[in-house]
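So the protein lines, in turn, are chains A and B. Residue 1 is where the first sequence starts when you use my numbering, and the numbers rise one by one after that. Residue 1 is where the second sequence starts when you use my numbering, and the numbers rise one by one after that. Note that beta-carbon positions come from the ideal geometry of N, C-alpha and C, so glycine has one too. Take a look at the structure below.
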Amino acid sequence: DGGITQSPKYLFRKEGQNVTLSCEQNLNHDAMYWYRQDPGQGLRLIYYSQIVNDFQKGDIAEGYSVSREKKESFPLTVTSAQKNPTAFYLCASWTGDSYEQFFGPGTRLTVL
Amino acid sequence: QKEVEQNSGPLSVPEGAIASLNCTYSDRGSQSFFWYRQYSGKSPELIMSIYSNGDKEDGRFTAQLNKASQYVSLLIRDSQPSDSATYLCASPGWPDKLIFGTGTRLQVFP
């Protein structure tokens with residue numbers, strides 16, 4: 001089955017630690033996206049990548065970093081510089097044809 | 001900056017009624033719109049897309065686009081408790097991005 005996977009489902013971080021969230025897709029989509037969602041809020045774009053080895057900052061990139069070494073993978077690192085990282089993180093990918101984005105199941109990050 | 005706006009709700013409707021969810025947008029050049037459904041604690045799921053003025057029907061769902069008034073609506077007929085979720089409206093931004101509204105929470109009560 002084609003789809004987007006994210007791991008882990010739940011992640012706990014101590015203050016001052018960097019953590020990396022995984023996102024993998026086997027849909028052969030070129031573009032991939034990372035969003036953050038806070039309780040009762042909409043989706044805010046962190047980073048996105050249109051092709052391998054290239055990515056752009058979204059609206060709230062500070063304190064985050066990404067890489068895109070393979071078409072299938074777009075990991076997100078939440079660094080210690082992100083002061084309020086507790087949130088629901090969603091990865092999405094796009095075919096490039098119709099702007100329809102498809103989402104992974106999400107990772108819920110909690111800072112202890 | 002393009003904007004997509006939604007009333008956060010909650011919108012409460014009785015089972016069997018029609019739920020009407022609305023979204024307004026700022027960019028007159030926007031050509032396409034998407035409705036996503038998000039259950040609590042889950043990721044958004046695309047349920048409808050609309051690319052031209054008028055209505056598009058899919059089962060109990062109807063999307064309506066009015067470009068002159070810059071709004072897009074989602075109607076859910078015969079609402080069921082299982083329709084209770086947050087509904088997100090989205091429109092393409094440049095380059096290759098989607099601009100999301102904050103979502104409207106729908107509650108369908110028996």
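_Contact set between the segment 27-45 of chain B and chain A, restricted to residues whose Cβ is under 7 Å from the partner_ = Listed in sequence order: Ser32, Phe34, Ser43, Pro44.
*Exposed or buried, what is Lys97 of chain B when buried is set at 16 or more other beta-carbons lying within 10 Å of its beta-carbon?*
By the 10 Å Cβ count, Lys97 of chain B comes out buried.
*Measuring CA to CA, which of A:Gly40, A:Glu72, A:Asp30, A:Thr86 is closest to Gly96 of chain A?*
Among A:Gly40, A:Glu72, A:Asp30, A:Thr86, the Cα nearest to that of Gly96 of chain A is on A:Asp30.
*Taking C-beta pairs closer than 9 Å, name the residues in chain B that Pro75 of chain A reaches, listed in chain order.*
In chain order: nothing, as chain B lies at least about 17 Å away.
*asked:* So within the segment 18-50 of chain B, which uninterrupted beta strand (DSSP E) runs reach at least 3 residues, ignoring any that extend past its ends?
replied: Whole beta strand (DSSP E) segments, 3+ residues: 19-25, 33-38, 45-50.
*Candidates B:Gln64, B:Pro95, B:Cys23, B:Ser79, of which the one nearest Tyr51 of chain B by Cα*: Nearest in C-alpha terms to Tyr51 of chain B, of all of B:Gln64, B:Pro95, B:Cys23, B:Ser79, is B:Gln64.
*Just mark Tyr87 of chain B as buried or exposed, buried being the case when its beta carbon has 16 or more other beta carbons within 10 Å.*
Classification for Tyr87 of chain B: buried.
*6 Å Cβ shell around Arg105 of chain B - same chain, five flanking residues per side excluded*: Cβ neighbours of Arg105 of chain B beyond the five flanking positions: Gly9, Pro10, Thr86.
*How big is the Cα-Cα spacing for Arg60 of chain B and Ile76 of chain B?*
Approximately 6 Å between the Cα atoms of the pair.
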